[in-house]
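Remarks on the structure that follows.
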Amino acid sequence: MYFEWKNAYELGVEEVDKQHNKLFRIGRNLSVLIQTTDILTNFNEIKQILGELKSYTIEHFSREEQFMRDKGYPDLASHIMEHDFLRKKLLKIDRLGHPNHETIVKLVSFVSDWISRHILISDMKIRNYLLREKD
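Per my numbering, the sequence shown starts with residue 3, numbered consecutively.
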């Protein structure tokens with residue numbers, strides 16, 4: 003199942019954790035829809051949730067980047083490059099047209115995996131930085 007929330011994703015920063023949680027909720031709604039219904043029949047609803055996922059991810063990235071700027075996070079440029087990679091991928095959603103089931107499943111799987119890995123690896127570096135700065 004895609005977009006499964008795990009406690010391991012928590013950074014301990016309430017604002018960021020809430021945003022990550024919302025990303026997972028949107029993604030989970032999409033995941034359930036593509037796994038339990040016919041994509042061709044429900045394409046408009048799927049496209050709407052994909053759009054919501056895209057928009058909220060881009061919004062979250064902007065907020066997270068501002069948070070890192072405010073905290074003086076030293077690896078900001080690298081983190082923004084990672085965000086830019088997914089931003090570019092997500093902006094291609096509008097050009098999907100009317101894709102088949104396999105294309106949608108691959109897209110949702112890719113985004114779910116990317117976000118999960120990004121939180122567990124890159125975002126945890128932010129957490130570690132904040133913990134070091136506290137000491």
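Backbone N, C-alpha and C fix where the C-beta goes; we use that ideal spot for every residue, glycine too.
Answer yes or no: do I28 and I51 have a C-beta to C-beta separation smaller than 8 Å?
Position 26 of the sequence shown holds residue 28. Position 49 of the sequence shown holds residue 51. Contact: yes.
Contacts around K73, its chain only, beta-carbon distance under 7 Å, and the 5 residues preceding and following it disregarded
The residue given as residue 73 occupies position 71 in the sequence shown. Result list for K73: L132, in chain order.
Boundaries of the alpha helix (DSSP H) in which D72 is found, first to last residue
As a first step, residue 72 is located in the sequence shown; it is residue number 70 there, counting from the start. Taken as a continuous stretch (DSSP letters only), the alpha helix (DSSP H) holding D72 covers 45 to 73.
Please name the residue, chosen from E17, F26, N46, that lies closest to V110 on a Cα-to-Cα basis.
Here residue 110 corresponds to residue number 108 of the sequence shown, with the count starting at 1. Nearest of E17, F26, N46 to V110, Cα basis: F26.
How is the alpha helix (DSSP H) around E6 delimited, first residue to last?
Counting from one through the sequence shown, the residue named residue 6 turns up at place 4. Looking at the DSSP string, E6 is not in any alpha helix (DSSP H), and its letter there is neither H nor E.
Close-in-space but distant-in-sequence residues of the same chain around F5 (CB under 6 Å, 5 per side omitted)
Residue mapping note: residue 5 aligns to position 3 of the sequence shown, counting from 1. Residues F26, G29, R30, S33, S114 of the same chain have their beta carbon placed closer than 6 Å to that of F5, with the five preceding and five following residues left out of the count.
Which value, in whole angstroms, describes the spacing of the CA atoms of E135 and E84?
In the sequence shown, residue 135 corresponds to position 133, counting from 1. In the sequence shown, residue 84 corresponds to position 82, counting from 1. Going from the Cα of E135 to the Cα of E84 covers about 23 Å.
Once the 5 residues before and after G1 are set aside, which same chain residues still bring their CB inside 7 Å of it?
No information on residue 1 is available, as it lies outside the stretch 3 to 137 that the chain covers here.
Does D96 come out as helix, strand or coil in the three-state DSSP assignment?
For this step, residue 96 is matched to residue 94 along the sequence shown. Of the three classes helix, strand and coil, the one that applies to D96 here is helix, per DSSP.
Express the C-alpha separation of E67 and F87 in angstroms, rounding to a whole number.
Your numbering for residue 87 matches position 85 in the sequence shown. Your numbering for residue 67 matches position 65 in the sequence shown. In a straight line, the C-alpha of F87 is about 14 Å away from that of E67.
Taking 8 Å as the threshold (beta carbon to beta carbon), is D125 in contact with chain D?
Absent here is chain D; the protein component of the structure consists of one chain.
To the nearest angstrom, report how far apart N102 and I41 are at their CA atoms.
Your numbering for residue 102 matches position 100 in the sequence shown. Your numbering for residue 41 matches position 39 in the sequence shown. Looking at the two C-alpha atoms, the distance is approximately 7 Å.
So, for I1: in the same chain, excluding its five sequence neighbours on each side, which residues have a beta-carbon less than 7 Å away from its beta-carbon?
Residue 1 is absent from the structure shown; the chain starts at 3 and stops at 137.
Mind checking which residues open and close the alpha helix (DSSP H) that includes T39?
Within the sequence shown, the letter at position 37 stands for residue 39. From DSSP, T39 is part of no alpha helix (DSSP H); its letter is neither H nor E.
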